[in-house]
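Trainee: Provided herewith is a single structure, encoded as structure tokens, for subsequent inquiry.
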Amino acid sequence: FSTFPGMPKWRKSPLTYRIVNYTLDLPSTAVDAAIDRALKVWEEVTPLTFSRVYEGDADIMITFAVRDHGDFTPFDGPGNVLAHAFPPGQGIYGDAHFDDDEQWTKDTSGTNLFLVAAHELGHSLGLYHSANPEALMYPIYKSFADLEQFHLSADDVNGIQSLYGPPPTSPEDRLVPTESVPPPPGNPATCDPALSFDAVSTLRGEMLFFKDRHFWRKHLRVLEPEFHLISSFWPSLPSDIDAAYEVTSKDTVFIFKGNRFWAIRGNEVQAGYPRGIETLGFPSTVRKIDAAVWHKDKRMTYFFVDDKYWRFDEKKQSMEPGLPKKIADDFPGIDSKIDAVFEAFGFFYFFSGSTQLQYDPNAMKVTHVLKSNSWLNC
Amino acid sequence: YPLDGVSTNQDSSMDLVQQYLENYYNLEKDVRQFVRRKDSGPVVKKIREMQKFLGLKVTGKLDSDTMEMMHKPRCGVPDVAH
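Line by line, the protein sequences are chains D and X.
Residue numbers for the first sequence follow my numbering, so the first one is 66 and each next one is one higher.
Residue numbers for the second sequence follow my numbering, so the first one is 502 and each next one is one higher.
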């Protein structure tokens, strides 16, 4: 067996779980039963217990989705990838996603939901894949001749008990003190509550948080962010940048500092850069950009400067007429100076000093106030 | 019309191999231009790693067992950590 890097695990019980939506392949009662039985598989060999919630957030959110479903790891249609899950932690961590292009069944005529759910919940609890073909945590799906006879392998039990220990001998001991996940050791500046950022952007499914000469690199699958010198990846880029945004359809991140900007694709700074920001259509009075973000649905880039914003049509390669406009008018609740902004899971995340505002561009309202470094597993 | 049907089949299976090793065994994306030569160093190393992990005979070659395993339904979490 193996565990995720850094051995993330839950430090509280009961854990909450929520079945967010259902596949049409099975009656919802059958889905409930499969998930319940899959959780019991782990409950029986650990001190952990699970309680179901029906709305709002839960430690383990269970969803059925197809293709691209917002976590930068799209499903691939029928066959091949059946499901995936994230290790213990906040937000998307702990969640399990099932590919609804599969034919989910109660028996083994199709893909058995209980078997796959038990495997994915092993990930949600902190187990990685096992090289033991007999283990439930072996990555390749294997049906069972007689599902009633299913039981965990010794490898699975050793694995999960290396994280949580055995079940209590008496039921009373089941309840363990509730604690949040302690911050792992890391760069102290990472978890400084006063931390602010120069710029934030996505890059091929990862998140980059720029500060002075460095940036934090965060991959959704890895709990612990990496910390690098900007120059170690892009030697010709300046430090202390002003803004950054990714146009995913072009696989390009644009970096701004003062009245110049660069285009990078992976590790490569594109030829012909830096260019002047006036080439984008800014008036000469604009000397620098505070923040920028590409709206993938509208295919527009929003530039934020002081209390105003511009909108740039990436297709036409020109600024939208009728702008600039006041940020507060069109982004209610966003009324302080913006340091950085990026888009993820359909939200804009605006950074101002050590505060981060989760903004729903469709509902046009702030939906959550967070610390700026909430992504860095503090 | 594809000029060489066989190569097309071969192309698509090479794409599958590339994708599989990238997704689950950390094959660096920038070895893309080598994948057409199955015997390139990094790719052979990753094929061996995959064969060892999944309990196959470790040959470093894309034998039928290995190709069959790559087509089996599975979990989308990688087998080796990033």
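Heads up, the beta-carbon is just placed ideally off N, CA and C, and yes, glycines get one too.
#1: At a CB-CB cut-off below 9 angstroms, which residues of chain X make contact with D:A449?
#2: What does the alpha-carbon distance come out to for the pair D:F209 and D:G175?
#3: Which runs of the beta strand (DSSP E) spanning at least 3 residues fall entirely within the region 356-426 of chain D, listed in chain order?
#4: Do we get a CB-CB distance below 9 angstroms when we pair X:M515 with the residues of chain D?
#5: Taking Cβ to Cβ, would you say D:P426 is nearer than 9 angstroms to D:F413?
#6: Any chance the region 88-108 of chain D sits against the region 316-330 of chain D, with 3 or more Cβ pairs inside 8 angstroms?
#7: Taking only beta-carbon atoms, is D:T170 less than 9 angstroms away from chain X?
#8: Hey, out of D:L273, D:T366, D:Y119 and D:D172, whose CA is closest to D:P290's CA?
#9: I'd like to know if the region 112-119 of chain D and the region 152-170 of chain D are in contact, where contact means that at least 3 CB-CB pairs between them fall below 8 angstroms.
#10: How many Å lie between D:I127 and D:H162 at the Cα?
#11: Given a threshold of 16 other Cβ atoms within 10 Å of its Cβ, counted over all protein chains shown, does D:N438 qualify as buried or as exposed?
#12: Just to make sure I have the definition right: I need the residues of chain D whose C-beta is within less than 8 angstroms of the C-beta of X:K573. Which are they?
#13: So that I know if they touch, is there some Cβ in chain D lying closer than 9 angstroms to that of X:M570?
#14: Against chain X, does D:D164 count as a neighbour if the rule is that its beta carbon must be under 9 angstroms from one of theirs?
#15: Counting only C-beta atoms, is X:K546 closer than 9 angstroms to chain D at any point?
#16: Using the beta-carbon count (16 or more within 10 Å), is D:S349 buried or exposed?
#17: When you compare the CB of X:A561 with every CB in chain D, is at least one pair closer than 9 angstroms?
#18: Return yes when the Cβ of D:F347 is within less than 9 angstroms of the Cβ of D:A356, no when it is not.
#19: Contact criterion: CB-CB distance below 9 angstroms. Does D:R286 meet it with respect to chain X?
#20: Please classify D:N202: does DSSP put it in a helix, a strand, or coil?
#21: Can you say whether D:R286 is buried or exposed, counting buried as having 16 or more other CB atoms within 10 angstroms of its CB?
#22: Between D:D257 and D:W281, what straight-line distance do the alpha-carbon atoms span, to the nearest angstrom?
#23: Should D:L228 and D:K74 be called a contact, given that it needs their Cβ atoms to be closer than 9 angstroms?
#24: Within 10 angstroms of the Cβ of D:E311, are there 16 or more other Cβ atoms? Answer buried if so, exposed if not.
#25: Please confirm whether D:V85 and D:L178 have their CB atoms less than 9 angstroms apart.
#26: Along the chain, where does the beta strand (DSSP E) that runs through D:L178 open and close?
#27: Could you check what DSSP says for X:M568 in three-state terms: helix, strand or coil?
#28: Going by DSSP, which residues form a beta bridge with D:E311?
Mentor: Let's see:
#1: The structure shown does not extend to residue 449 of chain D, since chain D is modelled only from 66 to 443, so the question has no answer here.
#2: If I take the Cα positions, the gap works out to 12 angstroms.
#3: You should have 356-360, 365-370, 373-378, 405-409, 412-417 and 420-425.
#4: No, X:M515 lies away from the interface with chain D (no Cβ there is under 9 angstroms from its Cβ).
#5: In this structure, D:F413 lies closer than 9 angstroms to D:P426 by Cβ.
#6: Pairwise C-beta distances place the region 88-108 of chain D out of contact with the region 316-330 of chain D, as fewer than three of them are shorter than 8 angstroms.
#7: Not a single CB atom of chain X sits nearer than 9 angstroms to the CB of D:T170.
#8: Ranked by how close their Cα comes to the Cα of D:P290, the residues D:L273, D:T366, D:Y119 and D:D172 have D:L273 in first place.
#9: The region 112-119 of chain D is not in contact with the region 152-170 of chain D.
#10: A straight line joining the alpha-carbon of D:I127 with that of D:H162 spans about 6 angstroms.
#11: Under this definition D:N438 is a buried residue.
#12: In chain order: I205 and Y206.
#13: Cβ-Cβ to chain D under 9 angstroms: yes for X:M570.
#14: Chain X contact via Cβ: present.
#15: No, X:K546 lies away from the interface with chain D (no Cβ there is under 9 angstroms from its Cβ).
#16: Counting other Cβ atoms within 10 Å of its Cβ, D:S349 stays below 16 and is therefore classed as exposed.
#17: Going by the sequence as given, residue 561 of chain X is Gly instead of Ala. Not one chain D Cβ lies under 9 angstroms of X:G561.
#18: No.
#19: It does; some Cβ of chain X falls within 9 angstroms.
#20: In the sequence as displayed, the identity of residue 202 of chain D is Met instead of Asn. In the three-state DSSP reduction, D:M202 falls in the coil class, being neither helix nor strand.
#21: By the neighbour-count rule (16 or more Cβ atoms within 10 Å), D:R286 is buried.
#22: Looking at the two C-alpha atoms, the distance is approximately 14 angstroms.
#23: Taking 9 angstroms as the Cβ cut-off, D:L228 and D:K74 qualify as a contacting pair.
#24: D:E311 comes out buried.
#25: In this structure, D:L178 does not lie closer than 9 angstroms to D:V85 by Cβ.
#26: DSSP places D:L178 outside any beta strand (DSSP E); the residue lies instead in the alpha helix (DSSP H), whose first and last residues are L178 to S189.
#27: It is helical.
#28: Looking at the DSSP assignment, D:E311 forms a beta bridge with D:V318.
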